[in-house]
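Below is one structure; the comments refer to it alone.
Numbering (my numbering), first residue to last: 33 to 164.
Written out as structure tokens, the structure is:
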């Protein structure tokens, strides 16, 4: 019986430690823009997913990627649901960033047809980002 009690203490401490750690990534979608301003900790990843349908000519254009505080982890990745089965159906565009250093920046994207100059964007995603 004493052996079981000796194992419970280290196991309990390990579980508490796991619960206290900061999440390694934060996911943000257009419907969650109310979570902005977004606060991240150094090293955390920010995964931004926005609805997109490039078959209509509209694209998300990254206007400001908070270069002082965020580092891009690659280009935009577009995907559409495999079960949609419809040509031209909408999908989503995803960007991945990593919190690089403490400070503040702005993540700004516009949804527009790149060749239409002087036309207001159909949608805008604007989020202030703070890194601690």
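For glycine and all other residues, C-beta sits at the position ideal for the given N, C-alpha and C.
If you ignore the 5 residues before and after residue 83, its C-beta comes within less than 7 Å of the C-beta of 62, 122 and 124, all in its own chain and listed in chain order. Per DSSP, residue 141 is one residue of the beta strand (DSSP E) stretching across 135-144. Non-local beta-carbon contacts of residue 94 in its own chain, meaning distances under 6 Å to residues more than five positions away in sequence, involve 141 in chain order. For residue 83, the enclosing beta strand (DSSP E) has its first and last residue at 77-84. DSSP, read as helix, strand or coil, puts residue 56 in coil. Distance from residue 101 to residue 137 at the Cβ level is roughly 4 Å; contact confirmed, criterion being Cβ atoms closer than 8 Å.
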